[in-house]
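Asker:
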Ligand code: AMP
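Residue numbers (my numbering): 72 to 358.
(1) Is residue 319 near the ligand AMP, judged by its Cβ being under 8 Å from some heavy atom?
(2) When every heavy atom of the ligand AMP is checked, does at least one fall within less than 8 Å of the C-beta of residue 255?
(3) Within the continuous alpha helix (DSSP H) that includes residue 153, where are the two ends?
(4) State the CB to CB distance for the pair residue 277 and residue 206, rounded to an integer number of angstroms; the pair is presumed to be in contact (CB under 8 Å).
(5) So, using beta-carbon positions, are residue 98 and residue 121 closer together than 9 Å?
(6) Say the cut is 8 Å; is the CB of residue 220 nearer than that to a heavy atom of the ligand AMP?
(7) Going by Cα to Cα distance, which pick from 181, 342, 222 and 132 is closest to residue 245?
(8) Pairing CB atoms from the segment 180-200 with CB atoms from the segment 158-165, are three or more of them under 8 Å?
(9) Residue 191 and residue 274 - do their beta-carbons sit closer together than 9 Å?
(10) Have a look at residue 340 and residue 307 and give me their C-alpha separation to the nearest angstrom.
(11) Is residue 101 near the ligand AMP, judged by its Cβ being under 8 Å from some heavy atom?
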């Protein structure tokens, strides 16, 4: 496995392969890789000839009070995982190479970034959209994989790839979970033992929402209350938002008519957790 740090060298590597007709797959990450990333890498492996994983803790997507400085960076372990999974290139640019003096272009998606994570983390999605655009410009993949875990991010990436004519197939991989249902995340290591046990309540609350929809409840507010009811039983957790939304626009739904996404974000101590579930209404039978 090659480790490439310079954006120019990365592009040269990809361009050379593209000229030979090789399909390049790409999994962008911030490192601290876990089994969720591993699954994404494995799914990417099946879709391409050559596979690039980027490890870059992107400063522009962190707010001033957020965990940029303490974000875990176990680079040797990350490289070992990539090597084991047959990754061809680990792309590890520096912040200076990505944002040199004079850098000024930021990519913004005002509508998709307005609500939910975007409301609580005001510059986050502009940072994400900018870095994804830059990384795709550098790596030049034909296919890129993202996790459903970050649902709003996946909607934003699809939109920006379409709006900016990036000629990349975007694949969204289902959320990978711990045995108890907690969505895997690099930030789970911040949880104390006690909070780790409590953390699964977010998933349980989404499941409760899905359950009432399956039982035929279509009122968005009632679904939201069913989710909140579960979370309120765990006083250590505070709710940032619980929402019943249209999966393509992320607008809240008063009335659940077909597919919905249930979005949730909570805090336990200083740790923020997000999760989501896609739910379809019970099928009508067609005669
Ligand atoms: P991150 O390193 O947290 O920026 O994540 C890199 C990619 O992995 C993003 O597309 C995430 O959505 C995805 N990802 C993170 N956690 C999971 C998970 N538990 N299941 C599936 N994909 C994930």
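For every residue, glycine included, the Cβ atom is placed at its ideal position computed from N, Cα and C.
Answerer: Let's see:
(1) no
(2) yes
(3) 146-155
(4) Rounded, the Cβ-Cβ distance is 30 Å, inconsistent with contact.
(5) Going by C-beta atoms, residue 98 is not nearer than 9 Å to residue 121.
(6) yes
(7) 222
(8) no
(9) no
(10) 7 Å
(11) yes
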